[in-house]
Amino acid sequence: MAKAFGLCGDESTRRNVATLTPVTVDEVGEYASEVQRSILDKQLAISQFKLENQALETLLADAESQELAVHKIARVQPAAKVDAPPPPPIELSLPGNYEILSTFSYDEPLSIHSKNHFLSAESSGATLEERTFEISQLPDGKSVSIKHVKSGKFMAMKTKSESESWTVKADCTTPESTSSCQWEIHENKYIFNKYMNAYLNVVKHVHVRGHHENGGSYGPAGKSMNSEFKFKPVGEASRKEEEINKEKYRRVMKYMDSEKETAYIERIQALPRSDEYRVISFGLYGSDTKYTTGAIRNAELRDTYFPGWAIRFYVDDSVPQDVITKLKELGSEIVKEEGLKGGIGGMFWRFLVADDDTVDRYIVRDSDSRLNARDRFAVEEWIESGKCIHSVRDHVNHRRSLNGGMWGGKRGCIPGGVRDKMGNSARGKYMEDLHFLTQKIWPLVEQDQISHDAFSCTEFPNSKPFPTQRDENFQHVGQVFFADDSPRMGDIDIFKGVLNPLQCRPAGHADWTHG
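By the count of our numbering, the sequence shown reaches residue 580 at its end, each step adding exactly one.
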């Protein structure tokens, strides 16, 4: 039933208001309650709608975020793996002359050792001609020959049936018909020997072999960082660079003129003289100027760094007579050794000083190293210690109990002497002199020795730091030099970035980070 509540309505409504049925107060209240409920229902519906709308917006936002995340993930995922394209054909200009640089050995050029003709990565003192190889295509169109320009011989990898297996030598004359002399260049950086199915591989930054870095028993070397090489064309630019390098090497040797070295030499000259008969012992054989010139240089340095010590060379008839004459003029003792022959027999001769009953104290050194102040001050501490044997380890690669040219002793400290113990040693094998010292001498003297050790002092008993800080040129006791007095830079480069253990630094000198 219609009720007359709308007094504010239009004109027609107002004219007919009198005809409407009158209502009671209760009816008005009931209708107001209905209107109020209706309003509340609408408000609730609106609120519900807003909530639902908000939830929908949240869902949409979440969906957008998830979609965005999916896109982001898609962007960072690696592309689907596809097979690498085959390596491009060789880019070398053949035939051509190249230096072969070992990436693993800090771009050290390879060269052929002048005496044994082994390929090695220790050639920073070699001339450009000695470091140059001619690479030529062989008739099969795939293989190449690699000829050492200086010697005129081709490189060959020694087979498993040979005593020098896995080594590489310049002694091949017919690469076209000799499989071991045939090579392939892979990916413009790997050198592969077809016959041995092995890649050239630099072991311990110096030795070039075809076997795995851990030894021949591990099989042929594969592709690795040790087997990566660069091919540097040899031309006019190379010759100019050669002259620059010569000057750089000359500057390295000028350390003796420095104020610091002069002060060291003055301290050495002021050391008290001894009544002991002391000898610096070397082994010398062959005519390689790296060793003969080194022998002469050490004889010249003796009075500077080891005044009062005799210098002795154990030699055979292979040493040129003019070298012997010069050594005698410099006051050297020459001992002709007729026994102990073998491939590296001469490396053992220098140890025989330990059997000389007239010698009170001796040190054994390498002909291709140089006597220096750091060595002398370490020796002086050994003398003061009263210990029988002295061992020197001054490089990251010296991690042996006794190194062939870096130890010394007093008379009678090796029971039974050394000559008889050499009888069964394989003197024709490379590094056998080191094995001899490690296996037969060290066990006899370990309890009565002192060591100066820059990097491995925690590995050997009674080791102590060097008493002097390493020079800025990073040279070390036992550093190898070439005939032109240039150091073998690869040895220096190896440990420039290596910090020695804190225990290997003297107390109060934690800043001696290289010993």
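Each residue gets a CB set at the ideal place from its N, CA and C atoms; glycine is no exception. In this text, all values refer to a predicted model and were calculated from it rather than measured experimentally.
Starting from residue i, follow its DSSP beta bridges and name the residues at the other end.
{"i": "P285", "result": "H276"}
{"i": "C237", "result": "F219"}
{"i": "A263", "result": "N258"}
{"i": "Q202", "result": "V209"}
{"i": "K401", "result": "V380"}
{"i": "I454", "result": "G474, Q514"}
{"i": "P298", "result": "Y163"}
{"i": "E173", "result": "S167"}
{"i": "E249", "result": "F257"}
{"i": "L184", "result": "I177"}
Do you know whose CA, among the options, lies nearest residue i's CA?
{"i": "H270", "options": "E293, H251, W248", "result": "E293"}
{"i": "R377", "options": "D340, S244, D421, T369", "result": "D421"}
{"i": "P160", "options": "H182, G206, A572", "result": "G206"}
{"i": "F296", "options": "S185, P174, T239", "result": "P174"}
{"i": "K259", "options": "P240, V267, H277", "result": "P240"}
{"i": "G543", "options": "C478, W472, D485", "result": "W472"}
{"i": "F520", "options": "P530, E511, P526", "result": "P530"}
{"i": "N253", "options": "Y264, Q386, R430, H460", "result": "Y264"}
{"i": "D536", "options": "H251, K475, S323, D550", "result": "S323"}
{"i": "A548", "options": "G477, S434, Y350", "result": "S434"}
{"i": "L184", "options": "R304, T168, H213, Q202", "result": "H213"}
{"i": "F347", "options": "Y370, V400, T168, R439", "result": "V400"}
{"i": "W447", "options": "G481, S516, D431", "result": "S516"}
{"i": "Q504", "options": "V483, Q386, D550, C522", "result": "V483"}
{"i": "T327", "options": "P385, E398, A438", "result": "A438"}
{"i": "K475", "options": "T578, T168, I345, D556", "result": "I345"}
{"i": "L157", "options": "S208, S466, E195", "result": "S208"}
Using the rule of at least 16 other Cβ atoms within 10 Å of the residue's Cβ for burial, across every protein chain shown, is residue i buried or exposed?
{"i": "S170", "result": "buried"}
{"i": "Q247", "result": "buried"}
{"i": "Q514", "result": "buried"}
{"i": "R338", "result": "exposed"}
{"i": "P552", "result": "buried"}
{"i": "Q540", "result": "buried"}
{"i": "G217", "result": "exposed"}
{"i": "E403", "result": "exposed"}
{"i": "D485", "result": "exposed"}
{"i": "V563", "result": "exposed"}
{"i": "H574", "result": "exposed"}
{"i": "N262", "result": "exposed"}
{"i": "D382", "result": "exposed"}
{"i": "T197", "result": "buried"}
{"i": "T390", "result": "exposed"}
{"i": "M554", "result": "buried"}
{"i": "M496", "result": "exposed"}
{"i": "T86", "result": "Low per-residue confidence applies at T86: pLDDT is 45, beneath 50, and the placement is therefore not dependable, though the value from the model is reported in the following sentence. With fewer than 16 Cβ atoms within 10 Å of its Cβ, T86 is classed as exposed."}
{"i": "D340", "result": "exposed"}
{"i": "M487", "result": "buried"}
{"i": "M48", "result": "A query on residue 48 cannot be resolved here, the shown segment of the chain reaching from 66 to 580 and no further."}
{"i": "P285", "result": "buried"}
Under 6 Å from any heavy atom of the ligand PLP, does the C-beta of residue i make it?
{"i": "P480", "result": "Looking for the ligand PLP in the displayed structure turns up nothing, as the structure carries no ligands at all."}
Measure the beta-carbon distance from residue i to residue j and round it to whole angstroms, keeping in mind my assumption that it falls under 8 Å.
{"i": "P532", "j": "F413", "result": "About 31 Å; that fails the 8 Å criterion."}
{"i": "L509", "j": "G469", "result": "In fact, because the Cβ distance is near 17 Å, the residues do not count as touching under 8 Å."}
{"i": "V429", "j": "F416", "result": "6 Å"}
* Asked: Quick one: complete beta strand (DSSP E) runs, 3+ long, within the segment 501-553?
  -> 514-518
* What runs of the alpha helix (DSSP H), each 4 residues or longer, lie entirely inside the segment 321-376? -> 324-334, 354-370
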